[in-house]
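In order, the protein sequence lines correspond to chains A and B.
Residue numbers for the first sequence follow my numbering, beginning at -19 and rising by one.
Residue numbers for the second sequence follow my numbering, beginning at -19 and rising by one.
Think of the CB as a built atom: it goes at the ideal place given N, C-alpha and C, for glycine as much as any other residue.
Read the structure below first, then the notes.
There are 2 protein chains.
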Amino acid sequence: MISFDHSLPMILHRALDKVLPDYRELFAHFDLTEQQWRVLRVLWSEKKVTSAQLAERTLLPSPSLVGIIDRLERRDLVTRLRSLEDRRVVYVIATAKGRDLEAEVVPRVAEIDANVRAAVTAQEWKALETTLDKIAKHISEPKLDEASDG
Amino acid sequence: MISFDHSLPMILHRALDKVLPDYRELFAHFDLTEQQWRVLRVLWSEKKVTSAQLAERTLLPSPSLVGIIDRLERRDLVTRLRSLEDRRVVYVIATAKGRDLEAEVVPRVAEIDANVRAAVTAQEWKALETTLDKIAKHISEPKLDEASDG
DNA sequence: TATTATTTGTTTACATGTTAATTAATATAG
DNA sequence: CTATATTAATTAACATGTAAACAAATAATA
Chain A
-19 MISFDHSLPM ILHRALDKVL PDYRELFAHF DLTEQQWRVL RVLWSEKKVT
31 SAQLAERTLL PSPSLVGIID RLERRDLVTR LRSLEDRRVV YVIATAKGRD
81 LEAEVVPRVA EIDANVRAAV TAQEWKALET TLDKIAKHIS EPKLDEASDG
Chain B
-19 MISFDHSLPM ILHRALDKVL PDYRELFAHF DLTEQQWRVL RVLWSEKKVT
31 SAQLAERTLL PSPSLVGIID RLERRDLVTR LRSLEDRRVV YVIATAKGRD
81 LEAEVVPRVA EIDANVRAAV TAQEWKALET TLDKIAKHIS EPKLDEASDG
């Protein structure tokens, strides 16, 4: 039996708890939360994105996104634009002020990313991603090896 | 430069998002949140734990723990007990009702854990834990290789 | 011993996560 | 064309996360 402390959720949480403070400390200099950073990060590379696409790219749940975008919009960092073809759709776009942040934030985040990755070899890093992908794909598939246990 | 989608926070979040629903679906049968489960899981094996110890073992921030324990206490699943030696300390203990849940929940969680782990080989799993530990230890250590760049 | 510092748990204020329901717009079936 | 289903975003209700401040108790120091 797998011990509680070594279950996948716990080891992932533990790693996140260690890593996130470094990022948060940086984001705080710009009055950004980690989630707000994620939204901006996507808008810097994609220009015009629907709420649904933003949820997928940022891994943020859409109900959370509403408030996050509200607060970014209030600070004039992003804008909402209702689609003309399909009026259910809302596009989110970085403003000039929002775009200006990219040059300031991205290089410093890259430093943190690099420091994190420097902890392990390239092979270990690749294996990490592969293993996590493998687990993700395995989940929510039928458990064939237990099929007879119905 | 490391792409946004392949940064450590994102790949960990992505894996968690895939895995947690399976656990949550189970916990919902017992009207438990994932966090409440974590607290109970610790109390089942440790009997008498202070709030601080509980925060460390569950990876839950202590301000969150206050509410989580409140709600468990309201349902008579746990009890708070003020220490007599040091009256700042609060012990948290599972009630009989709380202890009864163990036999029902733990085996079914073990099944999910096993299914997750079955996604990869034993070596891959070990490498996963090792790599994450390595990263965790590397973080918040002085970055020696950049020392001259001040 | 009176003062100051530290520790433990809690509170506060605000941001986000989770689930279900809702609204407005569009698509589809009859 | 009309009733119905579906979709995109939002709202609602509640639980949790984050950072800072706080009260009470204990420890450390002058």
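Query: Short of 7 Å in beta carbon distance, which residues of its chain neighbour Arg4 (chain A), apart from the five on each side in sequence? Order them along the chain.; Result: Glu14
Query: For the region 64 to 74 of chain B against the region 19 to 38 of chain B, are there 3 or more C-beta pairs whose distance is under 8 Å?; Result: yes
Query: Listing by chain order, which chain A residues have their CB less than 9 Å from the CB of Val(-1) (chain B)?; Result: Leu(-12), Pro(-11), Leu(-8), Ile115, Ala116 and Ile119
Query: Return the Cβ separation of Ala107 (chain B) and Ala107 (chain A) in integer angstroms, given the expectation that the two are a contact with Cβ distance under 8 Å.; Result: 6 Å
Query: Are the C-beta of Ile(-18) (chain A) and some C-beta of chain B separated by less than 9 Å?; Result: yes
Query: Less than 9 Å between the C-beta atoms of Glu109 (chain A) and His(-7) (chain B), yes or no?; Result: no
Query: In chain order, what residues of the region 22 to 47 of chain A put their CB closer than 8 Å to some CB of chain B?; Result: Val22, Ser25, Arg37 and Leu39
Query: Using a Cβ-Cβ cutoff of less than 7 Å, which residues in the same chain neighbour Asp56 (chain B) once the five nearest sequence positions on both sides are dropped?; Result: Thr75 and Lys77
Query: Taking C-beta pairs closer than 8 Å, name the residues in chain A that Thr111 (chain B) reaches, listed in chain order.; Result: Val100, Glu104, Trp105, Ala107 and Leu108
Query: I'd like to know if Leu(-4) (chain B) contacts chain A, where contact means its C-beta is closer than 9 Å to some C-beta of that chain.; Result: yes
Query: Just to confirm the assignment, what range does the beta strand (DSSP E) spanning Leu61 (chain B) have?; Result: Val58 to Arg62
Query: Please classify Ala74 (chain A): does DSSP put it in a helix, a strand, or coil?; Result: strand
Query: Short of 9 Å Cβ to Cβ, which residues in the region -1 to 21 of chain B face chain A?; Result: Val(-1), Leu0, Pro1, Asp2, Tyr3, Glu14, Arg18 and Arg21
Query: Going by alpha carbons, who is nearest to His118 (chain A) out of B:Asp113, B:Trp105 and B:Ala98?; Result: B:Ala98
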